[in-house]
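First comes the structure, then the notes that go with it.
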Amino acid sequence: MSQKLEKLIDKKGLRLDGRKLDELRSIKIEVGALSNADGSAYIQQGKNKILAAVYGPKELHPKHLALPDRMVLRCRYHMAPFSVQERKSPAPSRREIELSKVIREALEPSIFIEYYPRTSIDLFIEVLQADGGTRCASITAASLALADAGIPMRDLVASCAAGKVDDTIVLDLMDTEDKVGTADVPVALMPNLNAITLLQMDGILTLEEFEKAVNLALEGCRKIYTMQKETLKAKYIGVKEVEE
Ligand code: UDP
114 MSQKLEKLID KKGLRLDGRK LDELRSIKIE VGALSNADGS AYIQQGKNKI
164 LAAVYGPKEL HPKHLALPDR MVLRCRYHMA PFSVQERKSP APSRREIELS
214 KVIREALEPS IFIEYYPRTS IDLFIEVLQA DGGTRCASIT AASLALADAG
264 IPMRDLVASC AAGKVDDTIV LDLMDTEDKV GTADVPVALM PNLNAITLLQ
314 MDGILTLEEF EKAVNLALEG CRKIYTMQKE TLKAKYIGVK EVEE
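Following the working numbering, the numbering of the sequence shown begins with 114 at its first residue and continues without gaps.
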């Protein structure tokens, strides 16, 4: 978050990319984008382009990390060197290590981890192009990749952020809004269980602004959830029709 450089919302209440305050970026999701992973998904959210791939459940190596009563979810969030304007080192940064943990913790409550003792699920997230809100888009895609791998889940996890730009609470910040704006609140939700699995805040908000941002982000999550379900149904209903 830096000082204000430009006006982010015009007189008509439209944002730099023409969106209304409560409008998501355009989202395109594909399930099963990679044939060699056990499950996968690809998401485009605005200019973000992210792949998620899942392997498992499988025997955990090294074995001493295995847990007797549950499966271990391992997650690696990685940004390609060409995914941002200034070349990023391919080595894992502190930010990527933190986001890997945050994403794992947002997804873990949705999985019946107790069904698969001594095993692991490995989740790989590759950000090919980044434009703000990649942790949320990664969670949305990764949850679909887990479902695509046939892993028993309590619910899908849908994720999106809201934040404050030009003293206004808006939905789904893109990179410029994230950097020039003053706050960002990423949220992840299991909509069917009405359970929040991620809630962060970067910047400063009043209590009322925080509540407004969380509620707006939750609304965004519910819209994304509808898209997730439609994408899954489109793939698997299609498979059934071909088999019959
Ligand atoms: N970003 C960048 N270089 C980096 C890391 C991030 O340009 O090394 C940009 C990228 O567009 C990212 C945005 O900054 O989406 C916001 O990053 P943040 O850490 O807030 O996570 P995100 O909003 O992507 O979940």
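We put the CB at the ideal spot given by N, CA and C, even for glycine.
With H, G and I counted as helix, E and B as strand and the rest as coil, what does DSSP make of Gly-333?
helix
Using a threshold of 9 Å, state whether the C-beta atoms of Asp-285 and Ala-275 are closer than that.
yes
On the CB-based measure, 16 or more other CB atoms within 10 Å of its CB, does Ala-347 come out buried or exposed?
exposed
Which residues mark the beginning and the end of the beta strand (DSSP E) in which Asp-235 is found?
232-242
Can we say the stretch 146-166 touches the stretch 238-255, given the rule of at least three CB pairs closer than 8 Å?
yes
Would the beta-carbon of Ala-271 be found less than 8 Å away from any heavy atom of ligand 1?
Not under cutoff, so the answer is no.
For Arg-248, which three-state DSSP category applies?
helix
Could you please give the first and the last residue of the uninterrupted alpha helix (DSSP H) stretch that includes Lys-277?
Going by DSSP, Lys-277 is part of no alpha helix (DSSP H) but of the beta strand (DSSP E) stretching over 271-278.
Could you confirm whether any beta carbon from chain C is found closer than 9 Å to the beta carbon of Asp-235?
Note that chain C does not occur in the displayed structure, where there is just one protein chain.
Run through DSSP, which three-state label would Met-314 get?
If DSSP states are grouped into helix, strand and coil, Met-314 belongs with coil.
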